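**Q**
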Amino acid sequence: MLTIDDCIALSDLTEAEIDAIAEHEHLPEILAVELGCCLAHDAEGIRRIARIIREDIDRARSHGQTVHARQLTVVLDSFVQQHPAL
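With the sequence shown counted from 1, adding 1 to any position gets you the numbering used here.
(1) Return yes when the Cβ of E45 is within less than 8 angstroms of the Cβ of L36, no when it is not.
(2) So A61 packs on I50, CB below 8 angstroms; how close in whole Å?
(3) What does the Cβ neighbour count give for D78, buried or exposed, with the cut at 16 atoms within 10 Å?
(4) Residue range of the alpha helix (DSSP H) that L77 falls in?
(5) State the Cα-Cα distance for the pair A17 and F80, rounded to the nearest angstrom.
Take a look at the structure:
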């Protein structure tokens, strides 16, 4: 049986990236893993994930959640480093 950690590992995304997708799309974590996995294996999907994280950062900032915005900024920076074509 696969665990959620196994599924995340198979998605080629980090748990933090999955969490950002779940937050943005209002999805349970396992569905965010599935969506993220599909997006992570397509050039347009990679751009969409970056856009999702940027929108999460903007939303956190607009709600005064500066710590969360900083955490998401770290996630975005790491994601961009893994996908330099962005």
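For glycine and all other residues, C-beta sits at the position ideal for the given N, C-alpha and C.
Since the structure is predicted, the reported quantities are computational estimates derived from the model, not experimental observations.
**A** Short version:
(1) no
(2) Between I50 and A61 the Cβ distance is about 17 angstroms, and since that is not below 8 angstroms, they are no contact.
(3) exposed
(4) T67 to Q83
(5) 10 angstroms
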